Amino acid sequence: MTQRAAGAGDELAERRYEPVIGLEIHVQLKTRTKMFCGCELAFGEEPNTLTCPVCLGHPGTLPVLNAEAVHFGLMIGLALGCEIAPRSIFHRKNYFYPDLPKGYQISQYDIPLATGGRLGDVRIHRVHLEEDAAKLVHAGSSGRIHGAEASAVDFNRGGTPLVEIVTEPDIHSPQQAGEWLRLLRATLKRLGVSDVNMEEGSLRCDANVSIRPAGTATLGTKTELKNMNSFRFLERGIEAEIARQEEILRGGGAIEQETLHFDPATGSLSSLRSKEEAHDYRYFPEPDLVPIAPTDEMLARAREALPELPAARAERFERDLGLPAATAKLLAFRSELGDYFEEALAADSADAPALANWVTVELVPRLEDEDPFASKVKPRALARLVAMVSERSVSQSAAKEVLDVLAAEGGEPAAIVEQRGLGMAGANELGAIVERAIEANPKAAEEFRAGKQKAIGAIVGFVMRETQGRADGGEVNRLIREKLGA
Amino acid sequence: MIAREQVLHVARLARLALTEEEVERMTEELSSILEHIERIGELDLDDVEPTSHVVDVENVLRADVPRPSLPREKALAPAPDPGPAGFRVPSPGAS
Numbered sequence: 002m003t004q005r006a007a008g009a010g011d012e013l014a015e016r017r018y019e020p021v022i023g024l025e026i027h028v029q030l031k032t033r034t035k036m037f038c039g040c041e042l043a044f045g046e047e048p049n050t051l052t053c054p055v056c057l058g059h060p061g062t063l064p065v066l067n068a069e070a071v072h073f074g075l076m077i078g079l080a081l082g083c084e085i086a087p088r089s090i091f092h093r094k095n096y097f098y099p100d101l102p103k104g105y106q107i108s109q110y111d112i113p114l115a116t117g118g119r120l121g122d123v124r125i126h127r128v129h130l131e132e133d134a135a136k137l138v139h140a141g142s143s144g145r146i147h148g149a150e151a152s153a154v155d156f157n158r159g160g161t162p163l164v165e166i167v168t169e170p171d172i173h174s175p176q177q178a179g180e181w182l183r184l185l186r187a188t189l190k191r192l193g194v195s196d197v198n199m200e201e202g203s204l205r206c207d208a209n210v211s212i213r214p215a216g217t218a219t220l221g222t223k224t225e226l227k228n229m230n231s232f233r234f235l236e237r238g239i240e241a242e243i244a245r246q247e248e249i250l251r252g253g254g255a256i257e258q259e260t261l262h263f264d265p266a267t268g269s270l271s272s273l274r275s276k277e278e279a280h281d282y283r284y285f286p287e288p289d290l291v292p293i294a295p296t297d298e299m300l301a302r303a304r305e306a307l308p309e310l311p312a313a314r315a316e317r318f319e320r321d322l323g324l325p326a327a328t329a330k331l332l333a334f335r336s337e338l339g340d341y342f343e344e345a346l347a348a349d350s351a352d353a354p355a356l357a358n359w360v361t362v363e364l365v366p367r368l369e370d371e372d373p374f375a376s377k378v379k380p381r382a383l384a385r386l387v388a389m390v391s392e393r394s395v396s397q398s399a400a401k402e403v404l405d406v407l408a409a410e411g412g413e414p415a416a417i418v419e420q421r422g423l424g425m426a427g428a429n430e431l432g433a434i435v436e437r438a439i440e441a442n443p444k445a446a447e448e449f450r451a452g453k454q455k456a457i458g459a460i461v462g463f464v465m466r467e468t469q470g471r472a473d474g475g476e477v478n479r480l481i482r483e484k485l486g487a
Numbered sequence: 005m006i007a008r009e010q011v012l013h014v015a016r017l018a019r020l021a022l023t024e025e026e027v028e029r030m031t032e033e034l035s036s037i038l039e040h041i042e043r044i045g046e047l048d049l050d051d052v053e054p055t056s057h058v059v060d061v062e063n064v065l066r067a068d069v070p071r072p073s074l075p076r077e078k079a080l081a082p083a084p085d086p087g088p089a090g091f092r093v094p095s096p097g098a099s
C-alpha cells in the first residue's frame with residue numbers, strides 16, 4: 002500500500018468492489034448444411050469452395066431456413082429451461098463489413114426463439130438463431146496475401162447456423178465464469194448439437210464486465226470483452242478487466258462503455274473503439290423469412306431428443322452412487338468418461354466410489370486420447386480389476402501395475418495377475434516371509450515385545466518390500482503380532 | 005419532421021455520399037413519409053399486434069440436405085479483385 006491520504010480519496014481507494022459478469026456465447030451448430038442454403042458445412046476446406054449465390058449475398062436470392070438448425074435451437078432452449086416463443090421472427094442487423102456479403106446479418110432481435118431459463122446458478126436471458134459471418138484472412142496472417150492494405154474473405158464459414166445464448170449478469174468472479182462455461186460446454190456437447198471447440202471457434206464467448214461497490218445493487222458501466230478463445234483466456238481476460246476497472250474507479254475516474262479485445266500473447270486488453278454510429282444497426286424484420294411457430298410436433302421431437310444432461314447426471318452420481326461431488330462432476334462433465342464409468346459399473350459388481358476413483362485418478366492419466374473408449378482398457382476389464390482389489394485378491398499397488406499392462410496391451414486383469422505373479426502372497430508364502438522379516442529385524446522385534454507398538458513398522462515394511470506389495474497390510478500386521486506372541 | 009443531421013447520419017450508415025441538393029430533397033421526402041406514417045398513431049391500436057409479415061405463412065423450412073456449391077472459379081468470377089486466396093478487399097483496419 003502507498004501512503005494513506007485523508008478524506009474521500011482514501012475511502013475511494015479502500016472501497017471493495019464486486020464484479021458483475023454476464024456472458025454471450027455463440028455456438029456453431031453441427032448441422033450438415035448452412036442456415037439458409039444447402040452449402041455443406043466443413044472445417045478446413047479450401048477457401049471459397051463451399052459457397053452459392055445465397056450465402057454470397059447475390060441480389061435476387063432467397064434464404065430458406067434449415068429445419069435441423071431450428072430443431073437444435075429448440076433442444077438448446079429446452080435444455081436450458083427456457084420458454085419457447087410461440088412465434089419468433091428474424092431481423093436484419095445492418096452494418097458494412099467485408100465478412101458480411103449482404104450488408105446485414107440475419108439474426109433475431111425483439112422476439113427470439115427462447116427466453117428465460119437457467120443453467121446451474123446462472124439465469125439465461127435469451128437464446129436466438131442467427132447466421133455466422135465469413136472469415137477474414139488479414140494481411141500478414143497468411144503468406145498468400147501480398148500488400149499490407151489487403152485482406153481476403155473466405156465465405157465457407159459465412160451462413161453457418163449459430164445459436165447465441167445470453168446470460169443474466171449472475172456471475173461474480175472470473176473462476177465462476179470459467180466453471181459455468183465448462184458446464185454449458187458439457188451440456189451442449191451432451192446435446193450433440195455442436196463440436197463446442199473453443200480453439201476452432203465453434204464455441205465463442207464474449208463477456209460483459211462491470212464492477213460495483215460491494216453490497217450495492219446498481220450496475221456499473223459495462224465493457225464488452227471479445228476474442229477469449231479458451232477457458233484460460235476467458236478467466237484471464239475478465240481478471241485483467243476487473244483490475245483495470247478497479248484502478249480507474251479508485252483513481253476517481255469513470256468507466257467508458259466500450260468493446261475490448263483480449264490479446265492472448267500479452268494478456269492485455271485493447272480498445273476496439275469505433276465510431277459510435279457503427280452500433281446503429283437499424284434492425285428491421287427480415288421480409289424474406291416467415292416466422293417460426295414451433296408446432297407441438299416440433300416441440301415433442303426436440304424434447305424427446307434431450308439426453309440426461311451433465312448437471313442432472315452429476316447429481317445422480319452423487320445421490321444414487323455416493324460419489325464425492327468433485328468426482329461426480331468430473332465424470333458427468335466429460336460425457337464419454339461418464340459413459341465409460343457407467344458401462345464398467347454395469348459390467349461388474351465393483352463398488353461405485355472405488356470404480357469412479359480408479360477411472361478419474363488412475364485411468365485418465367493413462368489415456369492417450371480424450372475418449373476413454375479408444376483405450377485398450379475395456380470398461381469390463383477395469384471393473385474386474387477394481388473388484389479384485391475390493392476382494393483383496395490383488396493389492397492396490399499391484400493393481401496399478403496391472404492397469405499399466407492393460408493400457409499398453411489390453412487383456413484380462415485376472416490373466417495378467419496370473420502371468421506376472423501379481424496376486425496376493427498365499428498364506429504359506431506370507432508366513433515364511435513374516436518369519437524372515439522378524440529374523441532380519443531382531444531389534445524391532447525386541448522393542449515390540451517390550452511394548453513399543455511403533456516398532457512393528459520396520460517388520461511390516463520388510464514384508465511389503467519382499468512381497469512387492471502383494472500382501473494386505475492388515476493381514477501382515479496380524480501375522481506378525483501372532484508370531485511375536487502379542 | 006426529420007432533421008438534416010439525421011439524414012446525414014443515415015446516409016453515412018448507408019455509405020451514401022449525398023450532394024447538398026440531395027440532402028435537402030431527402031430531408032423533405034423522408035419527413036413527408038414519416039408524417040404519413042405518423043397518422044397511424046392517431047388510431048387506437050392497443051389490440052393490434054405489430055405486423056412483421058404481410059403473408060399468413062409460418063415455418064417454411066428446408067431439410068438439412070447438402071446441395072452442390074459453386075465451383076470456386078465461378079464464385080470468384082464476378083469479384084472486382086479475386087486474389088489467389090479469395091475475395092480480396094481493402095483491409096478493414098487500413099481505412
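Residue numbers (this note's numbering), protein chains in the order written: chain A, 2 to 487; chain B, 5 to 99. Beta carbons: idealized from backbone N, C-alpha and C, even for Gly. It should be emphasised that the depicted structure is a prediction, and the values quoted were computed from it without experimental measurement.
Unbroken beta strand (DSSP E) run spanning residue i, endpoints
i       : result
Y105(A) : Y105 to S108
S269(A) : S269 to S272
H27(A)  : Y18 to Q29
E131(A) : V123 to E132
G90(B)  : G90 to P94
M95(A)  : One detail in the question is off: residue 95(A) reads as Asn in this sequence, not Met. It spans H92 to N95 - the beta strand (DSSP E) in which N95(A) sits, taken as one unbroken run.
T219(A) : Neither: T219(A) is in no beta strand (DSSP E) and is coded neither H nor E.
S211(A) : L204 to P214
L163(A) : P162 to T168
E371(A) : That residue, E371(A), is in no beta strand (DSSP E); it is neither H nor E in DSSP.
A153(A) : A151 to D155
Neighbour-count burial assignment, residue i, 16 or more Cβ in a 10 Å radius
i       : result
P295(A) : buried
I417(A) : buried
P82(B)  : exposed
E277(A) : In this prediction, E277(A) scores a pLDDT of 48, lower than 50, which makes its location untrustworthy; no coordinate-derived value is stated.
K103(A) : buried
S508(A) : There is simply no residue 508(A) to check, as chain A begins at 2 and stops at 487 in what is shown.
S143(A) : Only weak support exists for where S143(A) lies, its pLDDT of 44 falling under 50; the coordinates are left without a value.
K190(A) : buried
R158(A) : buried
A7(A)   : With a pLDDT of 46 at A7(A), under the threshold of 50, the modelled position of this residue cannot be trusted; read the value that follows with caution. Exposed is the call here.
L51(A)  : buried
Beta-carbon neighbours of residue i, restricted to chain A and to distances below 7 angstroms
i      : result
A67(B) : A68
R19(B) : F97
Proximal residues to residue i (C-beta, below 7 angstroms), its chain only, five neighbours per side dropped
i       : result
E55(A)  : According to the sequence provided, residue 55(A) is Val. The question's Glu does not apply to it. Excluding sequence neighbours, V55(A) sits near F37, C38, T62 and P64.
F318(A) : L324, A329, L332 and A333
A408(A) : R367, S376, K377 and V378
R145(A) : For R145(A), the pLDDT reaches just 42, beneath the cut-off of 50, and the residue's location in the model is therefore unreliable, leaving the point undetermined.
A348(A) : P380, R381 and A384
E240(A) : P175
Close-in-space but distant-in-sequence residues of the same chain around residue i (CB under 8 angstroms, 5 per side omitted)
i       : result
K484(A) : V435, E436 and I439
E337(A) : E371, D372, P373 and F374
A68(A)  : none
A18(B)  : none
V360(A) : L332, L338, Y341, F342, A345, P373 and L383
Listed by chain order, chain B residues near residue i by CB distance under 8 angstroms
i       : result
V194(A) : Ordered by position in chain B, no residue passes the 8 angstroms Cβ test against V194(A), which lies about 12 angstroms from the chain.
V291(A) : H57, V59, V61, E62, N63 and V64
S152(A) : R92, V93, P94, S95 and P96
Neighbouring residues, chain B, relative to residue i (Cβ below 9 angstroms)
i       : result
V55(A)  : Here the premise fails: no neighbours, minimum Cβ distance about 10 angstroms.
V71(A)  : N63 and L65
A294(A) : E62 and N63
I90(A)  : S56 and H57
V28(A)  : By Cβ distance, chain B contributes nothing, its closest Cβ being about 16 angstroms from V28(A), past 9 angstroms.
D155(A) : A89, G90 and F91
Alpha helix (DSSP H) segment containing residue i, residue limits
i       : result
F73(A)  : A68 to A80
T328(A) : A326 to F334
H262(A) : Segment T260 to D264 is the beta strand (DSSP E) holding H262(A); no alpha helix (DSSP H) there.
Where residue i meets chain B, residues with beta-carbon distance less than 7 angstroms
i       : result
T328(A) : Residues of chain B passing the Cβ test: none, with the nearest at roughly 38 angstroms.
T52(A)  : S73, L74 and A79
Residues of its chain near residue i, where Cβ-Cβ distance is below 6 angstroms and the 5 sequence neighbours each way are ignored
i       : result
A187(A) : P311 and F334
V365(A) : none
P492(A) : It is not possible to answer for residue 492(A), since the shown part of chain A is limited to 2 through 487.
G82(A)  : G118 and R119
In the stretch 38-63 of chain B, which residues sit with their C-beta less than 8 angstroms from some C-beta in chain A, listed in chain order?
S56, H57, V59, V61, E62 and N63: these are the residues of the stretch 38-63 of chain B whose beta carbon lies less than 8 angstroms from some beta carbon of chain A, given in chain order.
Residues within the stretch 70-91 of chain B neighbouring chain A, beta-carbon criterion of under 7 angstroms
Of all residues in the stretch 70-91 of chain B, P70, R71, S73, L74, R76, A79, L80, G87, P88, A89, G90 and F91 have a Cβ within less than 7 angstroms of some Cβ in chain A.
With 9 angstroms as the C-beta to C-beta threshold (strictly closer), list the residues of the stretch 31-50 of chain A near chain B in chain order.
The stretch 31-50 of chain A vs chain B, Cβ under 9 angstroms: T32, R33, T34, F37, C38, G39, C40, E41, L42, E47, P48, N49 and T50.
Using a Cβ-Cβ cut-off of less than 9 angstroms, list which residues of the stretch 237-253 of chain A approach chain B; keep chain order.
With the criterion set as a beta carbon lying under 9 angstroms from some beta carbon of chain B, the stretch 237-253 of chain A has no members that meet it.
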